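Report on the following structure.
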């Protein structure tokens with residue numbers, strides 16, 4: 093099967109797609125239409141001011157499409173691998189692609205779990221369901237039911253009721269001694285219908301990933317548990333009834349989830365009407381994964397209580413020690429005009445930064461770090477382009493103002509205010525900084541008059557995200573002379 097690699101948001105034409113896939117332009121047009129219907133491909137805007145249009149200045153007039161997606165797109169005869177846009181100067185190597193796929197696999201699993209909770213919708217992403225089934229098998233093993241039976245003089249616990257009813261004792265010192273006894277024996281029922289169905293589905297899923305050559309990319313081991321065809325188990329309606337009956341007798345969460353995934357897979361398998369149907373595993377919102385990865389790597393403290401931050405709290409902050417850091421942000425107050433006066437103030441939604449981190453600087457200074465993860469690819473040289481816009485800059489300064497009283501009362505030595513963009517660098521790099529003179533009033537220390545734009549090593553951040561690990565925040569964010 094042909095494999096094609098393309099960078100996210102790279103402009104392309106129908107002719108280019110037809111050439112790399114080895115198909116006709118008409119076929120390429122059909123594929124693009126299918127992908128546009130699923131949000132994988134879009135028309136490019138052509139606006140240089142758009143921070144997502146990093147390649148638009150070099151685009152030919154015929155290159156009117158873009159992949160607004162990161163992940164795998166499978167169709168008849170080809171696999172398209174769309175890698176993240178921050179690989180600006182090179183194609184990712186296999187280990188980098190595997191890391192990206194691990195992040196996408198985790199996201200796909202969460203998406204499947206979420207969609208299965210909505211019984212009206214479900215998920216239409218067959219690849220995600222297949223992957224979730226294999227991941228669940230890797231964690232818990234195959235679905236199995238156990239049967240309890242009895243055996244004579246076995247090693248299990250003695251069934252005294254059956255022993256007394258079925259065997260004669262020998263009296264010794266006026267006490268009954270049973271020379272033969274019934275014991276309980278529990279064994280796995282390998283002939284169980286659901287067990288056999290689960291094995292057949294897992295084997296088919298593994299085989300399909302292997303046939304298109306992406307099993308290694310997804311770090312999947314071969315699973316070969318059955319030689320039975322799924323069709324021999326019955327039609328989808330009958331299988332749905334068997335799964336529903338099994339669901340009523342199960343209480344383990346992973347088994348219930350396995351049953352839900354089996355039913356979803358069988359329905360999606362039945363609904364395949366075209367052999368050239370586009371299937372996808374990935375996301376159209378990779379920016380969200382970057383935000384979540386930064387939160388994890390920085391040890392986001394927004395959800396922590398003030399008393400758990402390791403700070404010395406005094407005055408009103410000591411009284412509010414059970415409040416979370418996110419809950420002390422002031423809110424806009426609206427007062428409705430009643431004709432003869434204003435009603436009581438009513439709070440509304442307020443500013444919420446992406447992440448707040450509290451760290452110690454290289455000289456023992458206490459840092460209050462306000463971070464906004466931006467999935468942008470800013471220009472590295474020359475004129476500033478594709479950087480965070482005016483609204484983002486204004487909000488980032490307002491986040492600092494919102495925490496001003498808390499920062500000063502707790503004796504922080506320095507505020508680090510930063511935009512965080514992903515890159516293929518080995519260590520954090522300071523790309524630029526921005527101020528807003530004449531609009532944002534100049535502040536004295538510990539507050540900051542600048543917002544740094546830092547490029548973080550995406551590989552390091554995503555590895556930390558997958559491990560649930562908090563990185564050294566100071567080494568990520570604290571650059572000398574940037575306050």
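Residue numbers (our numbering): 93 to 575.
Ideal placement from N, C-alpha and C gives every residue a C-beta, glycine not left out.
Every value quoted in this text rests on a predicted model; they were computed, and no experiment measured them.
Among the options, which has the Cα closest to the Cα of residue i?
| i | options | result |
| --- | --- | --- |
| residue 457 | 350, 502 and 433 | 502 |
| residue 391 | 419, 245, 344 and 460 | 460 |
| residue 171 | 513, 495, 373 and 218 | 373 |
| residue 492 | 536, 565, 285 and 190 | 536 |
| residue 133 | 377, 546 and 341 | 377 |
| residue 229 | 564, 314, 96 and 515 | 314 |
| residue 260 | 270, 193 and 254 | 270 |
| residue 361 | 219, 512 and 107 | 219 |
| residue 158 | 105, 188, 399 and 217 | 105 |
| residue 196 | 184, 121, 347 and 223 | 223 |
| residue 328 | 355, 303 and 349 | 355 |
| residue 422 | 294, 440, 272 and 386 | 440 |
| residue 289 | 177, 468 and 358 | 358 |
| residue 179 | 264, 127, 100 and 561 | 100 |
| residue 479 | 427, 534, 544 and 152 | 544 |
| residue 97 | 265, 116 and 175 | 175 |
Provide the residue(s) that pair with residue i in DSSP beta bridges, ordered along the chain.
| i | result |
| --- | --- |
| residue 450 | 460 |
| residue 174 | 98 and 163 |
| residue 426 | 438 |
| residue 549 | 515 |
| residue 543 | 526 |
| residue 373 | 164 |
| residue 485 | In the DSSP output, where bridge partners are listed per residue, residue 485 has none listed. |
In angstroms, rounded to a whole number, what distance separates the CA positions of residue i and residue j?
| i | j | result |
| --- | --- | --- |
| residue 435 | residue 444 | 26 angstroms |
| residue 395 | residue 418 | 6 angstroms |
| residue 476 | residue 507 | 24 angstroms |
| residue 523 | residue 466 | 13 angstroms |
| residue 95 | residue 246 | 57 angstroms |
| residue 414 | residue 338 | 45 angstroms |
| residue 182 | residue 559 | 26 angstroms |
| residue 567 | residue 555 | 16 angstroms |
| residue 470 | residue 538 | 28 angstroms |
| residue 487 | residue 424 | 14 angstroms |
| residue 451 | residue 481 | 27 angstroms |
| residue 388 | residue 474 | 33 angstroms |
| residue 382 | residue 463 | 12 angstroms |
| residue 189 | residue 553 | 15 angstroms |
| residue 325 | residue 400 | 56 angstroms |
| residue 168 | residue 122 | 12 angstroms |
| residue 162 | residue 192 | 9 angstroms |
| residue 516 | residue 126 | 32 angstroms |
Quick one: measure Cβ to Cβ for residue i and residue j, integer angstroms, because I've assumed they're closer than 8 angstroms.
| i | j | result |
| --- | --- | --- |
| residue 165 | residue 485 | Their Cβ separation, rounded to whole angstroms, is 36 angstroms, which puts residue 165 and residue 485 out of contact at 8 angstroms. |
| residue 353 | residue 335 | That pair is no contact at about 10 angstroms. |
| residue 110 | residue 119 | 7 angstroms |
| residue 235 | residue 286 | 6 angstroms |
Quick check on residue i - is its C-beta less than 8 angstroms from some C-beta in chain B?
| i | result |
| --- | --- |
| residue 401 | Included in the structure is just one protein chain, with no chain B present. |
What residue ranges within the segment 247-330 form continuous alpha helix (DSSP H) runs of no fewer than 4 residues, ordered along the chain? Qualifying alpha helix (DSSP H) stretches, in chain order: 252-258 and 285-303.
Continuous alpha helix (DSSP H) assignments of at least 4 residues falling wholly in the segment 488-516:
496-501
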